[in-house]
Structures are given as structure tokens and as C-alpha cells.
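*Asks:* Let me give you the structure first, and then I'll get to my questions.
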Amino acid sequence: MQNNMTDCEEGEGGPNSQGDGNSKESSPFINSSADADAEKTQQYDGKSMALFEEEMDTSPMVASLLSTLANYSNLPTGSKEHEEAENNEEGARPSKKPVKAPQLGTLMGVYLPCIQNIFGVILFLRMTWMVGIGGVFGSFIIVFMCCSTTMLTAISMSAIATNGVVPAGGSYYMISRSLGPEFGGAVGICFYLGTTFAGAMYILGCIEILLIYIVPQAAIFKIEGLEGVEAELALLNNMRVYGTIVLSFMALVVFVGVKYVNKLALVFLACVILSILAVYAGVIKTAIEPPDFPVCLLGNRTLTSKAYDVCAKVIEIDNETVTTKLWRSFCDSESLNATCDEYFINNNVTEIQGIPGVTSGILAENLFGKYLEKGVVLEKGGLASNVDPDSPTTSTNRYVLADITSFFTLLVGIYFPSVTGIMAGSNRSGDLRDAQKSIPIGTIAAITTTSTVYMSCVVLFGACIEGVVLRDKFGEGVNGNLVIGTLAWPSPWVIVFGSFFSTCGAGLQSLTGAPRLLQAISRDGIIPFLRIFGHGKANGEPTWALLLTASICEIGIIIASLDAVAPILSMFFLMCYMFVNLACALQTLLRTPNWRPRFKFYHWALSFLGMSLCLSLMFICSWYYAIVAMGIATCIYKYIEFCGAEKEWGDGIRGISLSAARFALMRLEEGPPHTKNWRPQILVLVSMDAEQNVEQPRLLSLTNQLKAGKGLTIVGTSVQGTFLDNYTESQRADQSLQKLMETEKVKGFSQVVISSNLRDGTSHLIQVGGLGGLKHNTVMVSWPRNWKQPEYYQQFRNFIEVVRETTIASLALLVPKNISSYPSNGERFTEGHIDVWWIVHDGGMLMLLPFLLRQHKVWRKCKMRIFTVAQLDDNSIQMKKDLLTFLYHLRIDAAVEVVEMLDNDISAYTYEKTLIMEQRSQILKQMHLTKNEMEREIQSITDSSRGSIRRKNQPALRPQHSTEEGASVAEKPEDESEAVSNPKQVQLIHSKNASTPTSPTSPTSPAAPPAGGATTWTDSKGVDKGKTHLAPTPEAGKDLFSMKPEWENLNQSDVRRMHTAMRLNEVITKKSKEAKLVLLNMPGPPKNRVGDENYMEFLEVLTEGLNRVLLVRGGGREVITIYS
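Numbering follows my numbering, in which position 965 of the sequence shown is assigned residue number 982; successive positions increment by one, without gaps.
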């Protein structure tokens, strides 16, 4: 119903109708021209709806909506589109006849089709045999179980069918729209296979009636004279040949004209009803005058009719004893002194009535079952039998034998198809005048009728027919008559021909219905490889689907045994019924707002009982068939889940997901997760460019590589502006995020907030991301590129605020530096190291992250190394032992190294670095000035410091540092040079080798690096030399003394931080220069915002010379534990 509502809304000027260029008469305000405005004004002048005229473009008038819904068309799935396509292709074609409104009522539309489909081949061919084998009591239990299952399923189906308009498509439509495309497709295919195999079963029943009861002489493979396996094989071969011929003929009839099949349906139904009435008339007749159907017994063994002409060994003719045909069957000659079968000699011949009548009391004998092994002779209880237990049974072809080994579960599997067919009414929902009224009444009435007939037949067969005749499956003991036919009045031929035509009709109906079901599934597009079967002839007839149906049906024909095919289709129908019950139970328990069935006589407990019965019957019938059927359904389910088209049908499974999610979220609220359950729930903060594309896509690659923790991922960004003005922009940004997440295979959620400024937007994401207990505990944000340039001033301030906010909120923080150099998901490291620099304890984040990374194929081959720093008063040897023990208990495999940092003397270079940092900070604070004012300010700062910088003799103190820093300036000119316009000023302010303040050709710069040597910082030898600490010379001491007054003005705390950053950077670049990834603790931000620029400089110095760095801050709790 929802789909059609949507169609109506869009047709009335819904969102899809705007801007599509098609003028739609039903929506008068599509165009915004003056004529349209005039038309709108004219239409609403003098009416009371002018208040809503602005909304008429998107919201139709109630009157027009109701008119559209009232004229709703129940066309089969896809046929409406097919007709529209035909009209578009052949516009000149005369208009087609208008579609007639459905006129069928409950009787003709539901009740009689269900009766025809439920009564069938099993009733006529196997019901009497089932009563004889299982007994009246056992058979009644089987019938009651099966009928209860279908009744409970009908109740569930009625609830679903009356919950809105059910278009043509019947059970498949109901299940798929209630349980979703995955379950719908799986169950739809099972229902299709069940219907197809039902066609095979009906054809086999038709051939069995033809070859055994009507024209036995038509058999191609002669059975006469054959015994045992040979006779059985000949019968099966006959079934295969004739079955294939009949199948081909039926498929041709369906292909040529379905309308003829539908017209003949009433004729076939009349045959079924007439046959059943004949059986009841025969039962009444037995009470008055039992029919004469003698059965001949030798001892207590039943003889076949073809073994004798008279039920006697010898007869008297003209006072002369003459041997009979029976004698000749067991003896080697006709003479009275011939050698005969031992059992024949020792036992007498008895003739009993096969149908003693309903008043005979035979019911007591038939009350309990008599299950037989294959090849065992049918014996009557209560008769004397003189048999030598050691002698084998001979002349077996003279006796009636059991053709299969029987047991209770086999009877269930064979009988269940006789109660299927309850979906016939719902399958015709498109032809019903009032489907919501007719389907429940007609289906339940049909099941009640058929159940009553079946149960009464069980009792009446047991009360009227002799046990050995009931167990005689093919009527061999009653002159080859159909056993149920022997009971019928006025003649057995009424049943024979009635059942023959009914099986033919049922077979045609199956071959008609199954292809249409497959076509409906194909046109839904949920199973890609079946799409070809959605096509057909010009009138919509499913040609390709019919071809596939006939091919699958041929499989059942090749099996050739009715008793073997019946359990197969039982499986598929039971699975279908099980999911109908499941759908009703789920909808009832979930209490979805749209669940409002007109049929009120249902309950979730009844649906669960029906589902349990279906599942039980599946395994009772045949446990291995049940496993195969469930395996097929599971494979189809998974195939649709991974490859099928995504459909949103408002199904119950989605409702389950919502309820389960709510329950899980409420459970998560009960307390924080235990350390063993902690996993990174990451909020990834990304920025968007002007086209709303993500600027740092590798952030999502890194997120994917960290997702071995299977935690939550939220990718968030903020859009600057107001919600009213920028909503479309935010939607575009959200789509861009989702597309990138799909590309990077990041499973999570995207979130876009609109805020007046980006800083507040990021803060909102950190505060409100997630839901309940499922909130992020980790924030990932990229290192701000080009933060030293004045135009990026706000960017790094925002970054530091994120650091502060995550600290206040006790969230972990991950900051990847040089994110563009991180590997994509498709790359592979064949060797290398992930180095962890564990300087302060952060709750174990530094240990956990590399472990998670190494679960991903990108980092799998990398080894893990852990470095920690020992101070002057630390025992480095003991530290290494303790760390190895700790890692052993954590079950983490890593190499361990303790790095000693014993030099606490602060070098002059550190002071100079700090001085330059503070000068840069002053420059960056002038961001609010104009460009010219900014340049003048930079020049004044530069001039004020030029004199002191000239005096220092840095190359004598640390020559290699100047080389390295000169390289960094040349390597990243965009980071530094844009801060000032004069290249000489850049050299003055940024270069550590400041011994040439005025020009590169100054005579006071003997150790200045050449211009070409600016890139030598990447050379490992240069780095090693750069870390060499040289003792200060006397000249350097003088320079230090002359600089000291200016150094004393520096913040000593900043000097110490700079010293730590530089010393750590020295040892990290020395040990981890070639590492694929370096993880180290991220220092906390300054409490005073005045030092923000200095904080960034410290981090820059700390990570200088490293390619990939992941700065990590813990969230203030333990995230890894040694306990199990």
C-alpha cells in the first residue's frame, strides 16, 4: 500500500514531479510562469483553501488523493509498467480496452480455487494406503497436525492480507513486504520450487492413474512376468517417458493459451467434487448393501488378482476335481500330485470381502498402524498361517507386497502436499472485489471444509475397508481397481476418471502459477541473475520463466516416484508457511504503527505455534530434505544480501533491527564498558572543500585499517552557515561522505552539522555524536597543514580547541601527521616496522592501536617495536625487563628498547629556537591586520631582533643543525615563505643558521650550507651527524655570553619544552627514521591560550624529519588489560 501511496503522491505533484519537464494535469502548480500563477489564483478565488495554496505543489488536495486511491488497480507486479512501456513505444496504436474492475467474490475467487488446489492426487491415490499403514489413530494424528498447521498459517496470512491492499503476487508479495527482500526472495524461490515440484507430482499422479488403472496395456516397458527390482524399474521408466510427454504437452498448452486453462478450471473442480461425493455415497451404500469386492487369501497372505481366476485350489466340475489357475501358480503342473509350494500345501485359501461395510466393526482392526518393510507380504491379522520360519518366501509375485518401507515420518511427508494450496485465494488477490474480506473468509472456510473431509475420510476408510485392501497401494488384490474407487458409488470409474482429470487440471494450474511467481520475483529485481526471467511475450506471458519451470519440473519427473517427490515439495511449502507465520508474529510483537489488520482473530502465540509446527513437520518429514531446503534458502538470502538490489519495503526485519538496537542501547546505558570490551569508537573529523568533497580521504583509509576493533565509526563534518540557507549544501556534503565511506569500505555513519562557524560545528559534533551508550570514545583529526601561514591561523586554533575539548571530555585523540603519505587500503607493506614511543602512560592506547593496525592486510607484515625513555635516575635494564614482562602478559609480540636521555644541558641552539618561535608567534598574532600592515609589523620584529641574531656563532656550536634546518626550509617553502614577503626575512626569522643575516655572500658565514645542500636533511648520514653534540668553543662561549641578556627575557618553561621536543626528536629520528609508522604520546595543550602558537611549534619540532606520525592522547581510562 505504501508503494501505491507514493505513486499517488508523486503523480499529484510530489517531489519527483518538480523539474522533470513533464507537465502533469493533476498538479496545477508545476510551472512557475505568470499563466500558472494566474491559474492558481483563479482556482483558489472564492475558496477556503487559499491558506494552503503554497503547499499544493508538494501536497495534493485530499479529494484528488482519495479519488486516486479509490481507483487503485490491482495489476500484477510489473504489468502496469509493461503496459505503459507499450503505450510509449506504439503511440499511434489505438487505445486499449479499459481494464475491467475485479469482480470475483469470496466463493468464486477464494473458496473454490482453494478447494480445487487442496483436494488432489494424494487424496485419491495415497489416502487409503496411509490409513491402512498408519492406522486410523495414527493417520488422524497426521491429518490433524497438517490441517492445524495450515489453519494457523491461514490465520496469520489473513492478518497480513488484510493489513492494507495486497496487489497481485499473493504470498510472495506478503512475505517480501513483511520480512524484507532477503527473506522475501528466499521464501519466494522456495514457494516457486514447491509449486513447480507440485506440478511434477500431479503429472506423476496423472500417469500412475493412466498406466495402472485406465490403460495398463499402454506401458512401453512391460511389467508382466517381472519381479522385484525389475518390475519396479519398468514402472519408473514408464512414468519417466509418459511424464515427459505429458509435461511437454501441458507446457505447450500453457504457452499457447492460459485463458483456456482458467476456463477449464471449473470443469476440473467439478470432477474433484463429484469424486468426493461419490465416495460419501459409497460409504452410505455400504451401510445398506456392501459392494461385492472379494479378496483371496492364502493362509493370511493376500494374493494378487492376476494369480487366480477362482479363489480356490481345486473346483468340482461334473463330479470331477479340477485344479484352478491358483494351483498352477504355485505348482509345477496341473495334476493333483504335482510338486507345489510348501506354504501353498500347508495353508487353506480364504475369500473375504474387501469392503465389509461401515457397520461391520472392521474399524477396531484398523485402529492401529501396521508399518511394513519393503518386499514384505501383506497379511491379515487373526487368520491362521502355517509357515516354516526357516524357509524363505517363494512365489512372491503371486502375493501383494509392500513396495516401500513405511514409517510414521514417511507418511507425514507423503500426506502433507494434500493440505497445501491454501495460498490459491491470496494469489488471486488482484481479481477479487474485496480482497481484505474475501481472503480470510474464503481461505479459512476452504481449510475447514477440506480438513473435515480428510478427517472423516480417515475414519470412514478405516470403518468400511478391510485392512489388507487399505494397505494394497495399487489395488492388486481387488482386480487392479483404485482402492478408493472400490468404495465409490455408483462405479469405481467415477473416481478413476475424476481423479485423472483433477490431477491434469492441478498440473496445468501449477505450470501456470509457478512461472508467474518467478516473473514477479524477477521483476522486483532483488535477485540479479533471475532478471532475464522477468521478460516474456508481448502480452506479458512469462515465456522464459515457463521454460525454466518445465526444466525443473522434469527433474521431478525423472525421480518418477510419487512417494519420493511428495516430501520434496512438502519441504518448500512448509518453509513458505513457516515464514508467513513468522511475519505475522513479528509484526504483532513489534507493534509497528502500520500494523492494523482488519482480521482481528489472530495472536502472536498462534503464529509462533504455527511456525513451530511447520519447522517440526519439516524435520519429521525428512531431516535431510529439510537441511537441503534450508540451505537453499540461506544461500539465496545471503546472495540477495550481498548482491541483490537494496529495497526499502518497510519490512518487519527492519522493525526487529530497530527494536534490537533500542534494547542494546538501553543495555549500554547501564554502565561504561569493561576494559576487556573497550574498542575504539572513532569520530573522524574531516573538512570539505568548496565542492563539498573531503579534503583528507586518507583519514578514512586509516580509519578502515583501525577497524579490527569492530567499533563504531562516525565521519563528521561541519558546514558554515544557517540551517535554512545551507541545508541543501549539507545534504550534498553528507552524500559525499557516504560515497567516500563506501569507497574506503568504512562501515559507519556520516553526520553533518550546520553552524555559524566551523569551530562551533566541530564542537557540536564532539558533544552530540553518537546515541546513548553508543557514543564515540576516540576522535581522529588531521594535523593542520600550513598552519604557520597567516591565512591558516584560525585552522590551527580550531585544532587546538579540539585537543582541549577531547581532554575535557575524556576522549582519546588520534592526530595523523602527513596524512597524504599514509597508505591506501589497496597498498601492502611487505616489511618494515611500526614504532611506538611510549613516553607517558596513556591507558594503553599506544599498545592497542598498533595491534589493531596489524590485523589489517596493509600493515600485517610490519613488525612492532616499542621504545621507552629512561631518565638519569632510571634503571634502564630493569625497565626493559619489566616492559617485556608487561608485553608478555598483554599477549603482544613486539621488540623492546629503552633509550637513555642523560644530557640535561640546554644548548644555545635551543634558546635560539625558542627565541625564533616567540618572534613567529608575534607575527601570527597580527592576523587581524591588513596585508601591508602585517608586512610592516613583520619587518619591525625582524629589525628588532637582527642585531642580536648577527652576534651569535651557531655553526661553531651545532653545524649540522643548520644544514638540517636549511633543508627543512627548502623542502617546505609553502609552510614558511608565505609568512613574509622578503626571502631575506625568511632566512632571518626561520633559519637556524642565522649567521648570514644580510646576504648569503656575507664574509662571516664560512659554515653556511650551499643552496644545493638544502635537501640533504633526508640523508641518514646527515641526520646522524646532526645529532652529534659538540662541546662549545671559547668563541662560542663569548657569543653565548653576549646573547644571554636577550635569552633571559625568554619564558624558561618554553625553553624547557623546546629542549624536550628537540632531544626527543633527535632520538626518535635516529631510531625510527625508516619506520613505516611512528606512534608517540601527544603532549597536552597549554592551559593559557596565549601559548597556542608555541604549542604547535613544540609539536612541529617533536615530529620533524618523520614521514608518518600518529600522535596519540589517551582518554583517561585503561583500554587494555592483562586479565582474561
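Note that the Cβ used here is the ideal one computed from N, Cα and C, for glycine as well.
DSSP three-state call for Trp855: helix, strand or coil?
*Replies:* It is a strand residue.
*Asks:* Report the option in Ile379, Leu719 and Ile150 whose CA atom is closest to the CA atom of Ile836.
*Replies:* Ranking the options by Cα distance to Ile836, first place goes to Leu719.
*Asks:* By the DSSP assignment, the beta strand (DSSP E) with Phe884 in it spans what residues?
*Replies:* That run of the beta strand (DSSP E) goes Lys880 to Ala887.
*Asks:* Quick one: grab the DSSP three-state call for Tyr619.
*Replies:* Tyr619 falls in the coil class under three-state DSSP.
*Asks:* Which of helix, strand or coil does DSSP assign to Glu390?
*Replies:* Here Glu390 sits in coil by DSSP.
*Asks:* Sorted by chain position, which residues of the same chain lie with C-beta nearer than 7 Å to Ile1163's C-beta, five sequence neighbours on each side aside?
*Replies:* The displayed coordinates of the chain run from 18 to 1141. Any statement about residue 1163 would go beyond what the structure contains.
*Asks:* Per DSSP, what kind of secondary structure is Thr341 in: helix, strand or coil?
*Replies:* In the structure shown, Thr341 sits in coil (DSSP, three-state: anything other than H, G, I, E or B).
*Asks:* Using 8 Å as the Cβ pair cut-off and three pairs as the minimum, do the stretch 306–318 and the stretch 493–503 touch?
*Replies:* Touching, per the Cβ criterion.
*Asks:* Starting from Lys834, follow its DSSP beta bridges and name the residues at the other end.
*Replies:* Answer is Val1126.
*Asks:* For Pro1102, which residues of its own chain have a beta-carbon under 8 Å away from its beta-carbon, when the five flanking residues on both sides are left out?
*Replies:* So the qualifying residues of the chain are Ile817, Val820, Arg821, Thr824, Asp1109 and Tyr1112.
*Asks:* Assign Gly274 to one of two classes, buried (16 or more other C-beta atoms within 10 Å of its C-beta) or exposed (fewer than that).
*Replies:* Exposed, by the Cβ-count rule.
*Asks:* Under the assumption that Ser735 contacts Leu788 (Cβ atoms under 8 Å), give the Cβ distance between them as a whole number of angstroms.
*Replies:* About 19 Å separates the two Cβ atoms, so there is no contact after all.
*Asks:* Where does Thr734 fall in DSSP's three states?
*Replies:* Three-state result, Thr734: strand.
*Asks:* Does Thr319 come out as helix, strand or coil in the three-state DSSP assignment?
*Replies:* It is a strand residue.
*Asks:* On a Cα-Cα basis, can you pick out the residue from Gly494, Phe157 and Lys1087 that is closest to Asn414?
*Replies:* The shortest C-alpha separation from Asn414 is found at Gly494.
*Asks:* Around the Cβ of Glu1114, are there at least 16 other Cβ atoms within 10 angstroms (buried) or fewer (exposed)?
*Replies:* Classification of Glu1114: buried, given that the 10 Å Cβ count is 16 or more.
*Asks:* One question on the structure: do Leu700 and Gly728 come within less than 8 Å of each other, judged by their Cβ atoms?
*Replies:* For Leu700 and Gly728, no; Cβs fall outside 8 Å.
*Asks:* Does the distance from the C-beta atom of Ser516 to that of Ile231 stay below 8 Å?
*Replies:* Their beta carbons are not under 8 Å apart, which means Ser516 does not touch Ile231 by this criterion.
*Asks:* Near Phe740, which residues of its chain fall below 6 Å by C-beta distance, leaving aside the five closest residues on each side in sequence?
*Replies:* The answer, listed in chain order, is Ile771.
*Asks:* Compute the Euclidean distance between the alpha carbons of Asn364 and Cys357, then round it to the nearest angstrom.
*Replies:* Cα to Cα, Asn364 sits roughly 12 Å from Cys357.
*Asks:* Might you give, ordered along the chain, the residues of its own chain that have their beta carbon closer than 6 Å to the beta carbon of Leu1097, omitting 5 neighbours on each side?
*Replies:* Excluding residues within five positions, the ones whose Cβ falls inside 6 Å are Trp854.
*Asks:* Less than 8 Å separating the beta-carbons of Ala577 and Met256?
*Replies:* Taking 8 Å as the Cβ cut-off, Ala577 and Met256 qualify as a contacting pair.
*Asks:* Under three-state DSSP, which class holds Gly1131?
*Replies:* Of the three classes helix, strand and coil, the one that applies to Gly1131 here is coil, per DSSP.
*Asks:* Quick one: give me the first and last residue of the beta strand (DSSP E) that Val327 is part of.
*Replies:* Segment: none, Val327 is in no beta strand (DSSP E) and carries neither H nor E.
*Asks:* Alpha carbon to alpha carbon, how far is Gly181 from Phe136? Give it in angstroms, no decimals.
*Replies:* Cα to Cα, the separation comes out at about 30 Å.
*Asks:* For Met683, does the count of other Cβ atoms within 10 angstroms reach 16, so buried, or fall short, so exposed?
*Replies:* Looking at its Cβ environment, which holds fewer than 16 other Cβ atoms inside 10 Å, Met683 is exposed.
*Asks:* Hey, out of Leu535, Phe424, Ser773 and Pro714, whose CA is closest to Asn743's CA?
*Replies:* Asn743 has its Cα closest to that of Ser773, out of Leu535, Phe424, Ser773 and Pro714.
*Asks:* Relative to the C-alpha of His691, which candidate in Cys521, Leu243, Val1136 and Gly542 has its C-alpha closest?
*Replies:* Nearest of Cys521, Leu243, Val1136 and Gly542 to His691, Cα basis: Val1136.
*Asks:* Assuming Val436 and Ser173 form a contact by the criterion Cβ under 8 Å, report the distance between their Cβ atoms to the nearest whole angstrom.
*Replies:* Rounded, the Cβ-Cβ distance is 15 Å, inconsistent with contact.
*Asks:* Do you know whose CA, among Leu281, Leu243, Thr520 and Arg1134, lies nearest Met862's CA?
*Replies:* Here the closest residue by C-alpha is Arg1134.
*Asks:* Determine the DSSP secondary structure at Glu808, reduced to helix, strand or coil.
*Replies:* Glu808: helix per DSSP, three-state reduction.
*Asks:* Which residues mark the beginning and the end of the alpha helix (DSSP H) in which Glu1212 is found?
*Replies:* Nothing can be reported for residue 1212, as the shown portion of the chain is limited to 18 through 1141.
*Asks:* So the candidates are Lys762, Glu761 and Arg749; which of them puts its Cα closest to the Cα of Gln768?
*Replies:* Considering only alpha carbons, the answer is Arg749.
*Asks:* Among Phe903, Lys792, Gly627 and Leu865, whose alpha-carbon lies nearest the alpha-carbon of Phe161?
*Replies:* If we check each option's Cα against that of Phe161, Gly627 comes out closest.
*Asks:* Quick check: what's the CA-CA separation for His906 versus Leu1081?
*Replies:* Their Cα atoms are separated by approximately 28 Å.
*Asks:* For Lys368, which three-state DSSP category applies?
*Replies:* Lys is not the amino acid found at residue 368; the sequence shown has Glu there. It is a strand residue.
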